[in-house]
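Protein chains in written order, with our numbering: chain A, 139 to 610; chain B, 215 to 331.
First up is the structure itself, then whatever we jot down about it.
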Amino acid sequence: MSLLSPTWTAIGYLVAAVCFVLALKGLSSPGSARRGNQIGAAGAVLAVLVTFFSGDLRHVPLIVAAIVVGTALGVPAARRVAMTQMPQLVALFNGVGGAAAALVAALELSGAHGLPGGTSTGSASVAAAAGAFTVLVGAVSFSGSCVTFAKLQELMTTRPVTFPGGPYLFGGSLAAAVALAVAVVVDAHGTSVSPVLLLALAVVALLAGVLFVLPVGGADVPIVISLLNAFTGLTVAASGYVLDNVLLLVAGTLVGASGTILTRLMAAAMGRSLTSTLFGAFRAGTAVAAGPGEDRPVRSGSPEDVAILLGYARKVIIVPGYGLAVAQAQHTIRELADLLEARGIEVLYGIHPVAGRMPGHMNVLLAEANVPYEALKEMDEVNPSFSTTDVALVVGANDVVNPAAKTTPGAPIYGMPILEVEQAQQVVFLKRSMRPGFAGIENDLLYDPRTMLLFGDAKESLTKVVNSVKSL
Amino acid sequence: MDGIALLTIFVLAVFVGFEVVSKVSTTLHTPLMSGANAIHGVILVGSIIVTGQTDSTVGLLLGLLSVVLATVNMVGGFVVTDRMLQMFRGRGQRPVAGPRPTPGSGPGPAPGEEGTR
């Protein structure tokens with residue numbers, strides 16, 4: 139019942155592949171990003187339709203039902219998730235994609251109808267190797283993504299998790315996985331691979347994925363999500379090789395390549411090298427993380443004190459962080475900024491590239507609150523302005539303004555570019571508690587005599603400050 | 215298709231992938247990652263093919279599981295990326311894309327309170 143000839147199938151896949159290239163191209167620039175994403179979605183729908191009409195497929199009603207189930211699970215999750223929790227949702231989507239690719243490769247390897255190019259043993263071995271790679275890396279991507287999800291959702295500690303022998307266990311599990319993958323290739327000289335062997339490979343690879351992500355500190359998790367995203371892309375490419383499907387090969391390779399570049403760009407934006415992100419905790423441990431004494435005095439103020447500081451300033455720079463987003467205080471901060479501007483005060487937003495939980499996350503959140511785009515200043519642009527600023531208002535941020543990134547070699551964030559709020563005349567922190575930030579390190583700036591702290595939920599504190607400014 | 219042809223396509227696609235994203239601002243890192251994530255959801259094509267060829271019950275069940283997972287990746291990925299990018303419209307320079315031909319969300323401003331700033 140195949141309606142499409144192989145030629146039309148190939149043309150359909152080619153059009154879909156072009157759509158994916160245009161999608162990535164479009165997503166790289168603000169003006170065309172949304173259109174790009176829509177082109178990508180159109181390409182994906184086309185690819186699925188072509189697949190249905192081009193092969194002799196059995197179980198079509200069941201497959202359609204499974205697609206309906208998947209849509210019913212995915213769309214509401216994507217629609218309803220709070221923008222603050224979006225990074226972990228992306229991680230989860232990535233993980234299930236990796237799992238799907240691993241299943242596809244495992245089924246194809248263990249299937250009874252043999253591998254493509256089955257007549258010549260050479261290309262069958264290559265296909266078996268690609269299949270084993272898909273199962274291995276797909277499983278790593280799945281379990282790794284689950285751990286990143288747990289870290290971001292704070293189901294587990296966001297600190298690096300290390301234990302004695304951890305690196306050896308990781309290395310050992312990876313070596314075992316590779317050995318099993320080789321065994322799969324050898325076993326594939328028959329027509330199909332034993333399911334037990336594939337299961338063993340998947341289980342060991344799942345373990346390796348967990349051990350791979352556990353030692354990564356909270357602040358570095360986004361980089362790992364991006365890396366696992368590239369991994370999943372490569373598994374999809376390899377599964378394209380196994381299935382002799384050019385579209386999967388092209389789409390997976392595009393994602394793998396662009397994901398690798400994106401991972402490096404993200405790491406550069408955070409001033410981290412990829413190796414220190416992944417293996418930093420193995421070497422450094424958490425020795426530096428234990429900060430100096432907690433009982434140093436801090437200067438905490440009332441909302442009225444903060445209102446007076448702000449209301450009689452000439453220039454205020456707001457530094458929003460993840461805490462602002464968690465408290466859903468984007469709209470309140472904008473109200474405060476509007477009030478201050480009405481008093482003739484210059485208000486800017488200093489946006490750290492990794493404010494929030496992922497590069498660009500904060501821009502999304504503030505755009506949601508209709509903060510004018512012109513007021514959002516990127517780090518390099520805003521840093522020279524701090525020395526002429528009266529008040530730097532830090533809302534729910536910590537690591538991105540921590541001078542330890544410049545002054546304390548060995549701190550987990552050392553070398554990360556920061557917003558230089560310490561240059562401002564006064565610094566006001568709105569914080570929930572003295573708890574350290576996502577990277578888990580102490581911030582000396584909190585104890586500086588020019589720093590005032592206002593404890594409490596960011597939204598409640600801001601609402602009080604807004605009311606106090608109104609009555610000035 | 216023979217191995218060399220596939221290898222050629224692979225290598226060329228690597229370069230295209232490097233090239234298209236080499237100059238992207240930090241603002242777009244998150245949506246780009248999410249969009250790329252949705253694109254690899256096209257593994258759904260592989261899931262459909264494998265499931266459609268299987269003749270064992272276990273194979274069918276695992277195949278259908280992979281169809282569900284791949285669909286979640288693909289559909290969810292594109293929807294969440296679109297939601298993210300929706301936030302970027304109506305700011306600064308020119309609004310992002312005039313007509314928005316999303317079938318689901320309908321024409322005009324989204325049902326939220328936000329117009330064009």
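Glycine included, every Cβ here is placed at the ideal spot set by N, Cα and C.
By the criterion of a C-beta distance shorter than 6 angstroms, residue 315 of chain A is surrounded in its chain by 274, 342, 343 and 346, once the five residues flanking it on both sides are discounted. At least one C-beta of chain A is nearer than 8 angstroms to the C-beta of residue 253 of chain B.
Pairwise C-beta distances place the stretch 251-259 of chain B in contact with the stretch 173-186 of chain A, as three or more of them are shorter than 8 angstroms. Among the CB atoms of chain B, one or more fall inside 8 angstroms of the CB of residue 496 of chain A. By the criterion of a C-beta distance shorter than 6 angstroms, residue 467 of chain A is surrounded in its chain by 596, 597 and 600, once the five residues flanking it on both sides are discounted.
Rounded to whole angstroms, the gap between the alpha carbons of residue 318 of chain A and residue 338 of chain A is 8 angstroms. Annotated three-state conformation of residue 236 of chain B is coil, per DSSP. Shown here for residue 509 of chain A: same chain residues with a beta carbon closer than 6 angstroms to its own, the five before and five after excluded, namely 472 in chain order. By alpha-carbon distance to residue 499 of chain A, the top candidate from A:522, A:554 and A:458 is A:458. Not a single CB atom of chain B sits nearer than 8 angstroms to the CB of residue 283 of chain A.
About 11 angstroms separates the beta carbon of residue 271 of chain B from that of residue 197 of chain A, a gap too long to meet the 8 angstroms contact definition. For residue 499 of chain A, the nearest CB of chain B lies under 8 angstroms from its own CB, placing it at the interface with that chain. Residues of chain B with a Cβ closer than 7 angstroms to the Cβ of residue 399 of chain A are, in chain order, 232, 235 and 236.
Chain order gives the chain A residues near residue 295 of chain B as 175, where near means a beta carbon separation below 7 angstroms.
Comparing alpha-carbon positions, the option among A:194, A:553 and A:280 lying closest to residue 362 of chain A turns out to be A:280.
Of all residues in the stretch 511-538 of chain A, only 511 and 512 place a beta-carbon less than 7 angstroms from a beta-carbon of chain B.
Looking at A:566, A:205 and A:244, the one whose alpha-carbon comes closest to that of residue 381 of chain A is A:244. The criterion of a C-beta distance shorter than 8 angstroms is not satisfied by residue 235 of chain A and residue 243 of chain B.
Considering only A:263, A:325 and A:388, the residue with the shortest C-alpha distance to residue 227 of chain B is A:388. For residue 229 of chain B, the three-state secondary structure derived from DSSP is helix.
Between residue 393 of chain A and residue 378 of chain A, the CB-CB gap reaches or exceeds 8 angstroms. Residue contact with chain B for residue 338 of chain A: absent (no Cβ-Cβ distance below 8 angstroms to any residue of chain B).
In the DSSP assignment, residue 488 of chain A falls within the unbroken beta strand (DSSP E) covering 484-489. Residue ranges of uninterrupted beta strand (DSSP E) with 3 or more members, entirely inside the stretch 450-537 of chain A and ordered along the chain, are 453-458, 484-489, 514-516 and 529-533. Note on residue 579 of chain A: 16 or more other CB atoms within 10 angstroms of its CB, so buried under the neighbour-count rule.
In this structure, DSSP gives residue 593 of chain A an extended state, which the three-state scheme calls strand.
Note on residue 569 of chain A: 16 or more other CB atoms within 10 angstroms of its CB, so buried under the neighbour-count rule. Counting along the chain, no beta strand (DSSP E) covers residue 610 of chain A, and no H or E run does either.
With respect to chain A, the C-beta atom of residue 263 of chain B has a partner C-beta closer than 8 angstroms. For residue 291 of chain B, same chain residues with a beta-carbon under 6 angstroms away, outside a window of 5 residues either side, are 251, 252 and 255 in chain order. The shortest C-alpha to C-alpha distance from residue 534 of chain A to any of A:397, A:449 and A:463 is the one to A:463. Exposure of residue 149 of chain A is indicated by the presence of fewer than 16 other C-beta atoms within 10 angstroms of its C-beta. Ranked by Cα distance from residue 193 of chain A, the options A:219, A:444 and A:141 are led by A:141.
Between residue 330 of chain A and residue 248 of chain A, the C-beta spacing is below 8 angstroms. Against chain A, the beta carbon of residue 218 of chain B has no neighbour under 7 angstroms; the closest one sits roughly 10 angstroms away. Between the stretch 580-592 of chain A and the stretch 433-444 of chain A, the count of C-beta pairs closer than 8 angstroms reaches three or more; the two stretches touch.
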